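Student: Can you read through this structure? Questions will come right after.
Protein chains in written order, with the numbering used here: chain C, 23 to 332; chain V, -2 to 273.
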């Protein structure tokens, strides 16, 4: 499986397996259109955002060079700092829960499940559904009086919850939606790892009398560790970036109880039109996403290395 | 005999576990259908009703009859179609070039583009489009959607061309074919399954995209996800029409998921891409 992480860690100096008769420049024409497009819609916005973040600039207003003052303002902006906290809690929950459920689901889908193809198809559907459409239906299900979730809880004797309408339960409730939607992606990634495990280790372990749990702990887990790491990286990036579900269900509310960095960035840039300050938030947010991704890619390399050692 | 029985029991047990696994998905979509087919009285009933006595087909006809739905549907088709088409046009050759040049650094740029929060592209693009006077047309959204579709296509095509054999291409070069002919007549036909995967994923993630539309769409240029979200503020209390609209928006994607399950699974496990 050629994953993001594997391609990323391939050293650039890797010797070509067969000497290529043609120079690389022959392939440039294939890449030029893409370089132009990526340059103008992806790289240019990155650079322009950094430049804007150094200015005091409101849409329609005057622009004034402000140095790093936008960044200093961030450090004492309580609403921003709170949003960082919300983002961390949201991200941790939205990585851990899909990881647990997705791994369990992958173990089951890897066994001789009847109707495996059909069931897998259904299982994957939440991930492909339009997030806004999904969010609208969840909003109705969360409704304290008329929602079906409180009815289901009442069937098992649990009292009604306020779900997304209570500041203390809003983030876990949103994570429930995120988990429902993205557990299938973790399942698919881990399933790819399970499919690559040979059967011999399990056979000899059974002969030696290892229990199912021991087999999981000492054979399965180490073998799928690199795949779990990929799943963690991808989930972390996606959870940090999460916007559609939060915006459509709560818009960051009640109050600012579910306002993540992304939501705050949206408000500053497109509700208050403070594009200078918004750009500073975007730069910091971008830095957090990239730093975490690189950290985990590094950890992943170590996981792989340890596998080779073991 | 007892071995056989045990096998059957094991299969049934596994099937049960499998059904439990898919139940959150099934129950959700069943409930979505149920909401969309109920009159307001039934949607407000407690305990909730799953299958009503009378179906409110008017929820669906109402969505189609509203004169603006056709416009928003067309907007979605144009934005997704143009963004996917352009992405294939420039992304497939680029994936080929990057794979053959073994340009790892270029691949990293694509990877970072995938990691970047979609919203952080929007401030500069928004100002740029305003300055160019493009707001009010579909062009800003088509261009912004390239941020999603181009990296998906390039990423999947790099992975695909890396695995296709080089021997045929080298033989053709020795026979005097130029690089472009080699690409068109040898590499491209072999890569068709990869292009299909890239096409399907680009279509799905572009169709589903919400954030670009929220910022860049005007009254006449809304795509379906934005339009259905806007219904929420006007029809807070009429769940039936809202659920019907939500179902219509996501139905094309769900049908595509069922039809092309194999390709989607292959593409997602190979690239593990998600837009936005």
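For every residue, glycine included, the Cβ atom is placed at its ideal position computed from N, Cα and C.
Computed from a predicted structure; not experimentally measured.
(1) Going by DSSP, what residue range makes up the beta strand (DSSP E) through residue 79 of chain C?
(2) At a CB distance below 7 Å, what residues from the stretch 265 to 296 of chain C approach chain A? Give them in sequence order.
(3) Scan the stretch 145 to 158 of chain C for residues whose Cβ lies nearer than 9 Å to a Cβ of chain V and list them as they occur along the chain.
(4) Please report how far the alpha carbon of residue 189 of chain C lies from the alpha carbon of residue 280 of chain C, in whole angstroms.
(5) Tell me which residue opens and which closes the alpha helix (DSSP H) that residue 142 of chain C is part of.
(6) For chain C, find out if any of its Cβ atoms is closer than 8 Å to the Cβ of residue 21 of chain V; answer yes or no.
(7) Would residue 304 of chain C count as contacting chain V if we go by Cβ distances under 8 Å?
(8) Helix, strand or coil: which one does DSSP assign to residue 278 of chain C?
(9) What is the rounded straight-line gap between the Cα of residue 20 of chain V and the Cα of residue 135 of chain C?
(10) What beta strand (DSSP E) runs, 3 residues minimum, are completely inside the stretch 105 to 133 of chain V?
(11) According to DSSP, what are the bridge partners of residue 85 of chain C?
(12) Tell me whether the beta-carbon of residue 253 of chain C lies closer than 8 Å to the beta-carbon of residue 168 of chain C.
(13) Mind checking whether residue 143 of chain V and residue 83 of chain V have CB atoms under 8 Å apart?
(14) Taking 8 Å as the threshold, find out whether the stretch 109 to 126 of chain V comes into contact with the stretch 301 to 312 of chain C through three or more Cβ pairs.
(15) Taking residue 217 of chain V and residue 27 of chain V to be in contact with their CB atoms under 8 Å, please state how far apart those CB atoms are, rounded to whole angstroms.
(16) At what residues does the alpha helix (DSSP H) containing residue 236 of chain C begin and finish?
(17) My output table needs one value for residue 295 of chain C: the three-state DSSP class, helix, strand or coil.
(18) Could you work out which residue in C:130, C:142, C:50 and C:162 is closest to residue 272 of chain C when comparing CA atoms only?
(19) At least one CB of chain V closer than 8 Å to the CB of residue 26 of chain C: is that the case?
(20) Could you name the residues of the stretch 70 to 82 of chain V whose beta carbon sits closer than 7 Å to any beta carbon of chain C, in the order they occur along the chain?
(21) Checking contacts by CB at 8 Å: is residue 95 of chain V closer than that to chain C?
(22) Contact check, residue 221 of chain V vs residue 149 of chain V under 8 Å by CB: the rounded distance?
(23) Report buried or exposed for residue 109 of chain C, applying the criterion of at least 16 other Cβ atoms within 10 angstroms of its Cβ.
(24) Within 10 angstroms of the Cβ of residue 93 of chain V, are there 16 or more other Cβ atoms? Answer buried if so, exposed if not.
(25) What is the DSSP secondary structure of residue 269 of chain C, counted as helix, strand or coil?
(26) Compile a chain-ordered list of the residues in the stretch 194 to 214 of chain C whose CB is closer than 7 Å to at least one CB of chain V.
(27) Could you check what DSSP says for residue 36 of chain V in three-state terms: helix, strand or coil?
(28) Grab the span of the alpha helix (DSSP H) containing residue 172 of chain C for me, first residue to last.
(29) Give the range of the alpha helix (DSSP H) segment to which residue 156 of chain V is assigned.
(30) What residue ranges within the stretch 156 to 224 of chain V form continuous alpha helix (DSSP H) runs of no fewer than 4 residues, ordered along the chain?
(31) Please decide whether residue 13 of chain V counts as near chain C, where near means a Cβ-Cβ distance under 8 Å.
(32) From residue 248 of chain V to residue 265 of chain V, what distance separates their C-alpha atoms?
(33) I want to see whether chain C comes within less than 8 Å of residue 90 of chain V, judged by CB atoms only; does it?
(34) DSSP three-state call for residue 134 of chain C: helix, strand or coil?
(35) Between which residues of its own chain and residue 229 of chain V is the CB-CB distance below 7 Å, once the five residues before and five after are set aside?
(36) Is residue 49 of chain C helix, strand or coil by DSSP?
Tutor: With the given structure in hand:
(1) 77 to 79
(2) Looking at the structure shown, chain A is missing, and the protein chains on hand are C and V.
(3) 145, 146, 147, 148, 149, 150, 151, 152, 153, 154, 155, 156, 157 and 158
(4) 8 Å
(5) 138 to 150
(6) yes
(7) yes
(8) coil
(9) 15 Å
(10) none
(11) C:79
(12) no
(13) yes
(14) yes
(15) Wrong, their Cβ atoms sit about 35 Å apart, outside the cutoff.
(16) 234 to 237
(17) coil
(18) C:162
(19) Unreliable positioning characterises residue 26 of chain C in this predicted model, as indicated by a pLDDT of 43, which lies under 50. A coordinate reading is not provided.
(20) none
(21) yes
(22) Not really, about 20 Å apart at Cβ, beyond 8 Å.
(23) buried
(24) buried
(25) helix
(26) 202, 207, 210, 211 and 214
(27) coil
(28) 170 to 177
(29) 136 to 160
(30) 164 to 171, 176 to 179, 189 to 205 and 208 to 213
(31) no
(32) 20 Å
(33) yes
(34) coil
(35) 239
(36) helix
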